[in-house]
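Written below as structure tokens is the structure these notes are about.
What follows is the structure, given as structure tokens:
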């Protein structure tokens, strides 16, 4: 050992002062602690973004309401969208990826531990920078102005003329900073999965969650980079007087839409593919059967990854492309439904005939399957160009993508929480509270987002600040707002459950779910080095092999 | 057997892990300040740049010339043998050539779905064209309408124009019809074994009614132009035609055994000597495991 | 229901040894290059999209000259870095240092050439990033590339300093090789930029 080496006792942690502990978290390069920080960061912003959503729902609950001013409303929907995508959904996926992937592939840390810390802090500081605009931003309406250009910030709204001051700059600079963080984590994730698998873990024995993460990370490289490039262009326009999106000088506002959506649509899949990973880990364990059609699942994931890069302009049917452009993007959009459908059938095939255990993670996964299917179907409806012309920019679209993001992604994430919380903390989450959380959230979700389709069909545009009475929208908006409160209460129960269980929960032991992947071979929480000895695997269910030595999987793989 | 582990690469006293370091957070904070200076004050950017330089240098010295490490003490204990509360595995008897399988053991082959879809598409096309001839006096009427679902030019046709031949519309309609038929056929192939009791009733009649009802209620709002031109009775009839024919064709195909436990290389048609090593040895009991 | 516990435990087949996976540095660098190429793609697309769309002059045909010498310098630096690495692999540190220094010199000449071109465009031709769409896309694309060259040169110089101090040895071949991948990438991007800006764009 070199002279820099020093020994740390694992028991030292308990005697440390608060400052020492904070220092420990700030300087850590341990993938598990970074994963926990990602998740905690995302949860904080989930609450912030949720409060923004509830403010909007209160404003829209009644016609001609003036709970907040129009300016504040614009900031709320801009920050709600941006926060939920960039500071909640992506970090939470990276957090779970960070925490579990090294455990799943049987290694001691990420490939680049310091880059890992760096990437997390970039994301966190990017979020802080953007939220600093609430106090430090100066915009159209004076000081304290957060970005108010919508989460896709269509040009020319972001030009100096329409967005004076700095509020839009906070948006683009914050996203540049956190975007580099996302790229860093993805590079790390790919490298970890490719280069750090434990002996015997060939690609076709890798847990599906790792497969989904490598596909997702690859997509981040090709999706976040265009966004970063486009943000650099906006900044050049705003600071140096360039003309990328300046229609007065011949620039094009439409090219910004292309640049944004070539990021924006793959982004949806960046979020949903790790969610597929959660489901693919949870469903087999609680059905007591291996995943049905492993190679097809991998193939379908990769196919989704590729196809999702050719569908972006379905966000732009109303912008005016030629007929063949519309037709092409309509067909590719429908085509992306094929591999997704294959996945749903594979999960159903996994559940079918299994000894199903209706624990909380499984409940969330089952709800995911159902809701994601509906979300996909409304997506297919929207991919039809004439249909889209009618409904683009309406609450139908808002309902559709919230069905994907809340009904799909968030449900999968909750499932992942209940599934891996015992591994992360060593304590079980309360099943009672978990089931209460589940049912309240399901009720709230369906109240909100099922009924949100209807004002859309009736013509209510998205992002409107208020509406007049007598259009037939009131009752639907009230139902939607009531549902939002249900969801808020459910999330509070969830937060309470996590805190309460951390102190009072049952001890989890190494393997509370009787699962089959490597993370359950080590203690809960795992030691800093994960595995005292690096494991060796012979099949895609290494723990099955250990538990059933007389009938191991590797005989058949 | 079981916990067969590779020799640990830790030394006797502990396990070598990368040392915690403050430079990544410094660098990240510096970069954020560099950007924040653009919206506040240039001095902030200067501070950020200084921090970045410090962060880079510090980080560099962390990894060069040698990565800094800490040694985490670790008593290498014998790994606890993994335990399960469900040691019993329920096993069905299965023909010897199907090594081991999990439910579902058999399913319709993909070709069954394709055949069903194609057969259904013919039935649907016949019914739709019959409608065109009987009610509208032109076989092109339903074809032009179908293409209007995604091909925006077709939606602007007047009633007369709808009855004449348009190459673009025809091609688009063919593509939609074939793709949708194949996909729904595949869906039937995957779904029919899961539908309890009367699959044809559900798949051929009830599902089309539900689907048409949904479309009927929604289309009036969404696309009134298209809605006015659709004869919903015939629409439902042609859906039935598809559903029943496709369902019947699918259910008449022979089910095949799933290939779950055949190695991927073999399934992909790659001949690898030794890929079947376990079974060539003949030592493995042929069984079908299910828990 | 029958239990299978009567069958004796089986010994799994041995893992293929040694268990070799790709090098971390290379995979990480290739991932980074993938992300970088996506960034460049967007700038190239913007350039191509805006060719001929400037409302006012000057146009590329009027002001741009083919930077043949610059291009030759940068592309040949890919060769010299390749030779340098070949020397390091064989353990020939003197040859390595010489070729490495040559690479840096060629890169610096390229950067100097770009600077001269910009000076010429700004002060003689009056083309800035604000002038028209051509200026906007030209300076951002070429500037982004020049920024990458600068970063690359910085990394290369650091290695040169270490080499002169005698710290770079044969066993560091892997690390240095990763850096060379980045340099090759920068060169390849230049080929694209060259054709888009100076050939197709004119």
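Protein chains in written order, with the working numbering: chain A, 477 to 1033; chain B, 36 to 326; chain C, 119 to 320. Virtual Cβ for every residue (Gly too), placed ideally from N, Cα, C.
| Check | Outcome |
| --- | --- |
| Member of B:98, B:51 and B:157 whose CA lies at the smallest distance from the CA of residue 278 (chain B) | B:157 |
| Collapsed DSSP secondary structure at residue 755 (chain A) in the structure displayed | helix |
| Proximity to residue 850 (chain A) [Cα-Cα], best of A:825, A:785 and A:876 | A:876 |
| Exposure of residue 582 (chain A), with buried meaning 16 or more beta-carbon neighbours within 10 Å | buried |
| Minimum Cβ-Cβ distance from residue 765 (chain A) to chain B less than 7 Å | yes |
| Simplified DSSP assignment, three categories, for residue 532 (chain A) | helix |
| Chain A contacts made by the region 234–259 of chain C, where a contact means CB separation under 7 Å | 247, 248, 250, 251, 254 and 258 |
| Strand pairing of residue 51 (chain B), partner residues [DSSP] | B:106 |
| is_contact[residue 312 (chain B), chain A] using C-beta, thresh 7 Å | Note that residue 312 (chain B) has pLDDT 40, beneath the 50 cutoff, so the model's placement of it is unreliable and no number is given. |
| According to DSSP, residues forming a beta bridge with residue 142 (chain B) | B:291 |
| Distance, residue 1002 (chain A) Cα to residue 232 (chain B) Cα | 49 Å |
| Beta bridge counterpart(s) of residue 615 (chain A) as assigned by DSSP | A:618 |
| Residue interval of the alpha helix (DSSP H) (run including residue 198 (chain C)) | 186–208 |
| Which listed residue (A:649, A:921, A:1004 and A:765) has its alpha carbon closest to that of residue 965 (chain A) | A:921 |
| Through-space distance from residue 744 (chain A) to residue 884 (chain A), alpha-carbon basis | 11 Å |
| Proximity below 7 Å, CB of residue 616 (chain A) to CB of residue 625 (chain A) | no |
| Rounded C-alpha distance that separates residue 639 (chain A) from residue 645 (chain A) | 9 Å |
| As assigned by DSSP and simplified to three states, the class of residue 317 (chain B) | Since pLDDT at residue 317 (chain B) reaches only 34, below the 50 mark, its modelled position is unreliable, and the value read off the structure follows with that caveat. Here residue 317 (chain B) sits in coil by DSSP. |
| Closer than 7 Å to chain B by CB, residue 1013 (chain A) | no |
| Three-state class that DSSP yields for residue 578 (chain A) in the structure shown | helix |
| Any chain C beta carbon closer than 7 Å to residue 784 (chain A) | no |
| 7 Å Cβ cut-off: residues of chain A touching residue 262 (chain B) | Ordered by position in chain A, no residue passes the 7 Å Cβ test against residue 262 (chain B), which lies about 11 Å from the chain. |
| Inter-stretch contact at 8 Å, needing at least 3 Cβ pairs: the region 973–981 of chain A / the region 896–905 of chain A | yes |
| Proximal residues of chain A, C-beta to C-beta of residue 218 (chain B) below 9 Å | 810, 813, 814 and 817 |
| Proximal residues of chain A, C-beta to C-beta of residue 258 (chain B) below 7 Å | 862, 863 and 866 |
| C-beta neighbour in chain A for residue 209 (chain B), strict 7 Å | no |
| Cβ-based burial, residue 174 (chain C) [other Cβ within 10 Å; buried from 16] | exposed |
| Exposure of residue 172 (chain B), with buried meaning 16 or more beta-carbon neighbours within 10 Å | exposed |
| Endpoints, alpha helix (DSSP H) assigned at residue 506 (chain A) | That residue, residue 506 (chain A), is in no alpha helix (DSSP H); it is neither H nor E in DSSP. |
| Straight-line gap, residue 120 (chain C) to residue 500 (chain A) (C-alpha atoms, nearest Å) | At residue 120 (chain C) the pLDDT is 38, less than 50, meaning the model places this residue with poor confidence and gives no usable figure here. |
| Delimiting residues of the alpha helix (DSSP H) encompassing residue 780 (chain A) | 770–783 |
| Contacting residues, own chain, Cβ-Cβ under 7 Å from residue 64 (chain B) (five flanking each side not counted) | 86 |
| Identified DSSP bridge partners for residue 983 (chain A) | A:903 |
| C-alpha distance - residue 88 (chain B) paired with residue 62 (chain B), whole-angstrom precision | 8 Å |
| Residues, ordered as in the chain, of the region 157–170 of chain C that lie near chain A by beta-carbon distance below 7 Å | 157, 160, 161, 164 and 167 |
| Chain A contact for residue 145 (chain C) (CB, 7 Å cutoff) | yes |
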